[in-house]
Every structure is written in structure tokens, then in C-alpha cells.
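A.B. asks: Protein chains in written order, with our numbering: chain A, 120 to 419; chain B, 44 to 212; chain C, -17 to 340. The C-beta atom is built at its ideal place from N, Cα and C for all residues, glycine as well.
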Amino acid sequence: MNTIDIAIRILLFVLAPAFGCLFFGIDRKLTARMQNRVGPPLLQPWYDFKKLMGKTEEIVNHIHLVFAFAYVAFIMLALGIFLMDGDLIVICFSLGASQVFLALGAFSVRSPYSHVGAHRHLLQMVAVEPLLILAAVTIKLQTGSFVLSDIYARSTYPFFGINTILLLSLPVAFFIVILATIVDTQKSPFDISTAHSEIVSGTFVEYSGPYLAITKLGHWFELSLLFAFVSIFFSSDVLWISIAGKLTLDFAVFLLILVIDNSTARLTIDRLVKFSVRIGLPLIIINIVLIVISSMGVIA
Amino acid sequence: MGMLKNTLKNLFSKPATILYPVEPIPPLPDFRGQYTMDHSKCIYCHLCEKRCPVGAIKIDKEKKQNEIYLSLCINCGVCVEVCPKDCITLEEVYTPPSYTREVRVFHTEPTEHQLKVQELPHYAEEGKLCITKTELEAMKGELTEHQYRVAVLPCYRRDKNDSKEKKEA
Amino acid sequence: MKVVNIIPFGPQHPVLPEPIHLDMQTEGEIVTDVKVVVGYVHRGIEKGLENDYEKNMFLAEKICGICSGVHTSTYSMVIESIMGVEVPQRAELIRAIILELERLHSHLLIIGLVGDAIGYENFFMQTWRDREIVMNLLGTLTGNRVHYGINKVGGVRRDLTDERIALIKKAMAELRPKIDDIADIVYHDYTLKKRGRGVGVLKKSDAIALGIVGPNARASGVNYDIRSTGYGAYKDLHFKPILGEAGDCHERTSVRVKELYQSMDLIEEALSLLKPGEIAARPKGFPKGEAVARHEAPRGELFYYARGVGKKEMYRVKVRTPTYANIPGIPPLVKGMQIADVPYIVVSLDPCISCTER
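Right, dumping it as C-alpha cells:
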């Protein structure tokens, strides 16, 4: 890694929330169009953020805020590790840790809505995090490493000159990552922990003013991280093909999530758990078994 | 899967929303809108005043002026039906939102004090009522009871704010 | 030690903009007990109705913002039966057309709100968008989109001219494919069915015992539709009450969707029966005596009692709205369900709280 390389990575890290903000803006605009509405301006999330920052600080208790900052810090840590081509499993766990802090923050206040939201948040983590880690394991089995730089280096598989090895050989892992993205961005049918028409935004209900803005910042980082995760599945030796492919893949996934969001109702938390245990888990285990068998066959 | 089809269809069709304040919504045909009257036709029969379900109309034969309290009016159209001279119409416009309890005064020839009274709510609207409570009390004889009530409200509010500021200072 | 957690629902809640409060005792996600509190928007309208019987029409209209037409229709019916006014057939038919249009928009509203309650924003937007057709039609026919002001004692205030009839026909032709689309989604959408089937089941015996009215009772198989008593123009119109079986949330929504078709058919039938003639009879004297009147409002049975003592002012007017009968249905349905299902159950009963509290 030379200096320019590191500078680019730091720049990407700084730009990550901007990407997240822009993605939320496009999200709101496209969602509106899918619902036959006009929708807010593209930069509406930024305007909201700016306005929230200027509001009076209303604090429920201090530990609540500590957890909010911890949530954002762990998300930033995960993204930092990702951008420095670090270990995939560490990224998964620090993403998980950030979610735990969010739930703990929600538990530290006395609002019943917040508590229900935290319960649901933890349950949804239990449903999704193991799948995400197993998806990382399949990536490891396929490429032989958890470290992203190795993954990029080893996923060379000439398919019309493009290294599509992960997308083509790990469709299940890709599916799981999409599922995790749907759950973490709180989109239908799995917008369960912040279900606004049931528990009034659940986990976030007691944050207000600048501290709500901080959690929003965390959200932007989280969205960037999730889409970065999606982009692992496409890489190429040629730089511009790699970048263009990654962006296309991200946008395709983004559109898919929005279409699903607008064509489904919200399901209940037990349906998410059932979905993950009955469909997600068997699929990914089958995928792992297949990879193991095929690699043994290659060895033999 | 019906919704999936609609989602994709909506994505590529024009939005149904009207961007309201920017793009005005045309009133519906035969819409019962804002009260207006041709005062020169009025014969002071008091029918509309009697039949108005909310008491929003005040006919003053002595001062030769009719008043409509727009904040009370429910645009029901009874006055239009009962008027023997057909001098009342409900214009096909939406009553604009207002900060005050606006009174619209109809008269054939405005006198000086009527003009002054008419302007009262507009001062209040901008939050800078030009007269104080004492001035208003002095003017009380010239005003109808309702106009006095309309004017006195922002007055009290202003007095209250003044005393608050004094306390803070 | 058993931990009892009380979760409030309302009086301010994103899913239901009306003030009803539920105190839900929960264990985890399961609701074990529920207490319903109402009475946040009492406006004393019954007291206010002790007033000039003709002016009352506009106060009775203000009882509800959705079913304002049915309130004035019932009020005029009760006054007309006290005063012995014969309402012309044309006026009765016009009232029926307005009432069925009102049922269309009220049902579309609540079907959309069901979508909102279970996080189906797109469906919500779609139904409310299509509802605009009916609202604008009502605005053109009566002069206002919400408070129509179409009724007066003895008849109606505005006639249906030929061009207005053409407008109704055009709007119905425009609406029918859209309702087909909504019906297709309600009957076949996977997530809607998953959320609604078996949730908030109201058994037929319970529905009768609790006195549930309207589409909620009919979804449980109770054949109770006041329109079949043949008041007003309904004696000349042909229809069969739509009955469901399952009595769950999804069934209640389905029954409402079927009633949309029924309403459109009734409007077309009423239009074909329309003959030229008077639209209002002139009432004579002042109301003296007492009477009751019932109508099938979009939400169920609406009941009016009125008593006059030979003066212009009414002595007493009593209003019993459909939601008043439906609110006792909330606690037994909610008990044992998940918190996530509570908004859906409450909304599927189509509560109109400001109606109830008058």
C-alpha cells in the first residue's frame, strides 16, 4: 500500500456518509415514484440532518447517548476495517456490536415502545447475524481467506475477462447479504424493529435533536458499509471495470430492495426468525457443504 | 404479485401528486366557495342572518353595511338559497388561510371609520397591531361588537407579550 | 415474578389519527389484557342539537368527517317521520346515490389504512389515490368534498342534472378497473394474507353477543344490513348483503372490497331508476312527537332518536353511531395477539372515534 492508496481510502471513508445520505435521498425519491408520488428533494436527508443538528438538546439520560455514540463508533470501525481491506469476520462482528449498542441504548430508557423495539432488534440480529457470518464463511471457503485483500487477489476466475467468481459461485451468500441489507436498512417486509405504525420507530423513539442526527449519521455509515459488502461480490483486475461493476451491482441491489419494499407488507418478528431458520440457514449450509465437497473433489 | 406490477408501472409513469402551493388546485365546478355579495341589491330583509346555521352574517341596516365572519362561515350555501334578491354568491375560490378571525365588510359607500375598521385585522395579521388596548377602547363606540372582539384579541396577546418581556428584562 | 409491561396505543398514534387509547398488558410480544379508554373528543353535539331543526342539519353533518352524508340523511329521515313529510322519490334516489358514493370512499379509506397499519405504504397510497376520484365526484355533485350539505328536511338541495349523471357514469367507469386492481391485491397478495389470516378472529356467536354491526359483523357471517329493511330508496334497489365466513382481519377487508362492487352496482341501478320530478317537499309547522331512524352507514348501523315539542327547537336528539357498537369488539379480539397485530385489528374494525363521542 503506497501513500496515494491510503489517501484514497481515507477519502472514501470521509465520503462514506455522503454516499449514505445520497443513497437515502435517492431511496426517498424512488420510493415516492414507485408510489406514484413526487417525493422530497434529493438532498432531503441532509436538510433533515442539518435541521436536527440545530435543535435543542433534550437528553433522557447520559448512558442513552453513550450507546448512541458507541453504535456510530462501531459502524465507523467496521467501515474503516473494510476500507483498509481487513478481516471480513471482524467486520461482521463489529457490525453486530454496533447493533447491540443500539439495542442497549433503547433498553436504557423507560419508554415501552423503545423496549419493544430493542427486543425486536435483538431478535432480528439473532436471525440475521449468524447468516451473515456463515456467508462470510462461504466466502472464506471459496477464496481461502477472510482478509479482503486476499479475497480480491484470489477471486480470479476468467469469465469473459471479468472476475465474477463470487457472484456466480456464491449466489446463496449474495442472497443472504441482500437479506441483511433489507433488515438493516429497515425496509418492508422486515422493517420490524422500527415499525412506525406499530411501535413508533421503536429503537429510535427517545432520541431527539442532535442525538437523533448522530444516529442518522450512523445509519449513513451503515448503508455505505452494507453496499460495500455487496460490492465484494464483483471484482476485476481492470480497475474501471471493477469500479463500474461494483457500482452497477450496488445499484441493482438497491433497486431490488426498493421494489421489494414497495410490493410487500411488513411481516412480524417471528416470521423473520422462521424465515431465517427455515430458508436462510438450510440454504447456506447446503452451499457450504457443496463447496466443501467440490473442493475435496478437486483435491482428490 | 399485483403490487409488484403496480410498483414498476408507477416508477415509469407520471406522479399523481399536485405540488400544491406551487401549482394551484383548480376549484371543482359548482363548488361552494367563499361568500361574497352585491351589496347594492340588498334590501335588509335579514333572512340570511336568521337562517345562517352558525350566525356568521350580520346585517346592519343603520350603518348600511353587512358583515361576514369568514372564520365562522361553513360555506353551506343556505344564505344563497334564502336570499330573495339573489345578491349573495359563493365564489368558486377556496377561502385562503388566515391568522386572524377575519371579518369582511360589504357596503355600498365606505365611510372613513369603516375603512379603518377593515384594516384592523391586517395589522394584526403581520403581528404589529398599530393601536394599543387603550386606543381600541376609545374607538369602541365606532366598532360593532364583533369587530371589537376581533380586534381585541391580538391586542390582549400583545399586552401579554409586552408584560412577559418586561418581566424578563 | 411475572413482569407486566404496559404498552400504550394512542390516543396519539401514527396509524390511527383518532384518539382512542388502549392500555395493553403484554408478556413479550403477546398482549394478555387490554383496557380501552375513549372520551377524548367529546364535543357535546347532542346538546348542540337542541336547536332549530333546520339548522341542526349542518351540525349533524359535522359529527363525522367521513360519513357526513349518512348523518344528515338519518337526521332528515327522523325529522321527516316526526313531521310526516313525504320525500319525493327522486330525492330518495339522489340520497341513496350520495350514500353509496360515500360508502365507496369510506371503504377505500379504511382499506388503505389497513395497508398503512401493516407497513404497506404503496397499497395505502394506491387506494387513497383512487379514492380521490370519488371525493372529487362528490365535490362536483354536492358542492363540497367532505361536508356535502346535500340534504335538507324534506329532500335534497341540489338536483342531479344530466351532465352530473354523465359525470357519475364516467367516474364509475374510471373507478371499476382500479377497484379490480385493489381487489386483486387484497385477495391474492402474499404478505397481506399472511398478516391478516387468522388474526383477530371474531366468531359469529361473539359478534352477535357483542352486538357488532356493519361489515365487521357481516364478515363473521351475521346477516345484518339495515339496508335490507328497505328505508328510503333501498326498497326499490336490489341487493344482497355480503357475508363472509372467517371473521378475521383479512375477511373484514375482503368484505369491504366486495361492498365496493355492490355500491357501484347500486349507484348504477339508482341512476337507471331516476325519473324527473320534485327534489324536495316543503315541511309544514314544527316537529312535534318522537321518532327513530336507522341507516346503514359505511361502518354499520347508525341510529337517531329525536323528540320535538312543537317548537322550532328540538327537545332531544340522540345519536348512536356504529363505532359505539364496535368498540366492545376490540378487547376480545386483541387479547392473545401480538403487539404487531394490534394496529391491524383496531383499524380493521374501522373505528371512527369522533363519530362515537359526538
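Are there 16 or more other CB atoms within 10 angstroms of the CB of residue 50/B, so buried, or fewer, so exposed?
C.D. replies: By the 10 Å Cβ count, residue 50/B comes out buried.
A.B. asks: According to DSSP, residue 277/C sits in a beta bridge with which residue or residues?
C.D. replies: Its beta-bridge partners are 284/C.
A.B. asks: Mind listing, in chain order, the continuous beta strand (DSSP E) runs of no fewer than 3 residues lying wholly within the segment -17 to 13 of chain C?
C.D. replies: The segment -17 to 13 of chain C contains these whole beta strand (DSSP E) runs: -13 to -9 and 3 to 9.
A.B. asks: Please report the distance separating the alpha-carbon of residue 83/C from that of residue 124/C.
C.D. replies: Answer to the nearest angstrom: the Cα atoms are 11 Å apart.
A.B. asks: So what does residue 270/C bridge to, in DSSP terms?
C.D. replies: According to DSSP, residue 270/C bridges with 291/C.
A.B. asks: If the cut-off is 9 Å on Cβ atoms, which residues from the segment 154 to 170 of chain A count as contacting chain B, listed in chain order?
C.D. replies: Correct list: 154, 155, 156, 157 and 158.
A.B. asks: With H, G and I counted as helix, E and B as strand and the rest as coil, what does DSSP make of residue 221/C?
C.D. replies: In the structure shown, residue 221/C sits in coil (DSSP, three-state: anything other than H, G, I, E or B).
A.B. asks: Report, in whole angstroms, the separation of the C-beta atoms of residue 207/A and residue 407/A, which I expect to be a contact under 8 Å.
C.D. replies: 15 Å between Cβ atoms; not a contact.
A.B. asks: Which residue's Cα is closest to the Cα of residue 321/C: -12/C, 11/C and -10/C?
C.D. replies: The shortest Cα separation from residue 321/C among -12/C, 11/C and -10/C belongs to 11/C.
A.B. asks: Identify every residue that forms a DSSP beta bridge with residue 135/C.
C.D. replies: Answer is none; residue 135/C lacks a bridge partner.
A.B. asks: Considering only residues of the same chain and omitting the five flanking positions on each side of residue 204/A, which have a CB-CB separation below 8 Å?
C.D. replies: So the qualifying residues of the chain are 266, 267, 268 and 271.
A.B. asks: May I have a chain-ordered list of the alpha helix (DSSP H) segments no shorter than 4 residues that lie completely inside the segment 163 to 235 of chain A?
C.D. replies: Entirely contained in the segment 163 to 235 of chain A, the alpha helix (DSSP H) runs reaching 4 residues are, in chain order, 163 to 172, 181 to 202 and 207 to 226.
A.B. asks: Just to confirm, is the Cβ distance from residue 79/C to residue 261/C under 8 Å?
C.D. replies: No, these two residues do not count as a Cβ contact at 8 Å.
A.B. asks: Select from 327/C, 310/C, 314/C and 296/C the residue whose C-alpha is nearest the C-alpha of residue 64/C.
C.D. replies: The candidate whose alpha carbon is nearest that of residue 64/C is 296/C.
A.B. asks: Residue 58/B versus chain A: which residues are under 7 Å apart at the beta carbon?
C.D. replies: Residues of chain A passing the Cβ test: 152, 155, 156 and 157.
A.B. asks: Answer yes or no: does any C-beta atom of chain C fall closer than 8 Å to that of residue 117/B?
C.D. replies: So yes, residue 117/B belongs to the interface.
A.B. asks: For residue 245/A, which residues in the same chain have their Cβ closer than 8 Å to its Cβ, ignoring the five residues on either side in sequence?
C.D. replies: Only 392 meet the Cβ criterion.
A.B. asks: Residue 56/C touches chain B at which residues, Cβ-Cβ below 8 Å?
C.D. replies: The premise fails here: residue 56/C is roughly 18 Å from chain B at the closest Cβ pair, so nothing lies under 8 Å.
A.B. asks: Within the 8 Å Cβ cut-off, does residue 11/C reach chain A?
C.D. replies: So, interface residue.
A.B. asks: Assign residue 46/B to one of three DSSP states: helix, strand, or coil.
C.D. replies: Helix at residue 46/B.
A.B. asks: Leaving out five residues on either side along the sequence, give the residues of the same chain with a beta carbon under 6 Å from the beta carbon of residue 104/A.
C.D. replies: Any property of residue 104/A remains undetermined from this structure, which presents chain A solely from 120 to 419.
A.B. asks: So, helix, strand or coil for residue 215/C, using DSSP?
C.D. replies: Residue state, collapsed to three classes: helix.
A.B. asks: Have a look at residue 165/A and residue 140/A and give me their C-alpha separation to the nearest angstrom.
C.D. replies: Their Cα atoms are separated by approximately 7 Å.
A.B. asks: Work out the CA separation of residue 89/C and residue 230/C for me, nearest whole Å.
C.D. replies: Going by the C-alpha atoms only, they are around 17 Å apart.
A.B. asks: With DSSP collapsed to three states, give me the class of residue 147/B.
C.D. replies: DSSP places residue 147/B in strand when its eight states are reduced to three.
A.B. asks: Taking the C-alpha atoms as reference points, what is the distance between residue 181/A and residue 178/C?
C.D. replies: Each residue's Cα considered, the two are about 41 Å apart.
A.B. asks: Run the CB neighbour count on residue 110/C, radius 10 Å, all protein chains shown included, and call it buried at 16 or more, exposed below.
C.D. replies: Classification of residue 110/C: buried, given that the 10 Å Cβ count is 16 or more.
A.B. asks: Name, please, each residue of chain B whose Cβ falls closer than 9 Å to the Cβ of residue 378/A.
C.D. replies: By Cβ distance, chain B contributes 47, 50, 51 and 54.
A.B. asks: Output the boundary residues of the alpha helix (DSSP H) element that contains residue 233/C.
C.D. replies: Where residue 233/C is concerned, the enclosing alpha helix (DSSP H) stretches over 231 to 255.
A.B. asks: Are there 16 or more other CB atoms within 10 angstroms of the CB of residue 381/A, so buried, or fewer, so exposed?
C.D. replies: It counts as buried.
A.B. asks: Using a C-beta to C-beta distance shorter than 7 Å, which residues of chain B count as neighbours of residue 382/A?
C.D. replies: Neighbours of residue 382/A on chain B, chain order: 46, 47 and 50.
A.B. asks: In the DSSP assignment, find the unbroken alpha helix (DSSP H) run with residue 115/B in it and report its ends.
C.D. replies: No alpha helix (DSSP H) holds residue 115/B; DSSP gives it neither H nor E.
A.B. asks: Considering only their Cβ atoms, is the gap separating residue 323/A from residue 195/A smaller than 8 Å?
C.D. replies: Taking 8 Å as the Cβ cut-off, residue 195/A and residue 323/A do not qualify as a contacting pair.
A.B. asks: Only counting the same chain, and skipping five residues up and downstream in sequence, which positions put a Cβ closer than 8 Å to that of residue 308/C?
C.D. replies: Cβ neighbours of residue 308/C beyond the five flanking positions: 194, 195, 196, 198, 281, 282, 331, 332 and 333.
A.B. asks: With 16 as the cutoff for other CB atoms within 10 Å, does residue 418/A come out buried or exposed?
C.D. replies: In this prediction, residue 418/A scores a pLDDT of 48, lower than 50, which makes its location untrustworthy; the coordinate-derived value is nonetheless stated afterwards. By the neighbour-count rule (16 or more Cβ atoms within 10 Å), residue 418/A is not buried but exposed.
A.B. asks: I'd like to know if the segment 145 to 156 of chain C and the segment 66 to 77 of chain C are in contact, where contact means that at least 3 CB-CB pairs between them fall below 8 Å.
C.D. replies: These segments do not touch.
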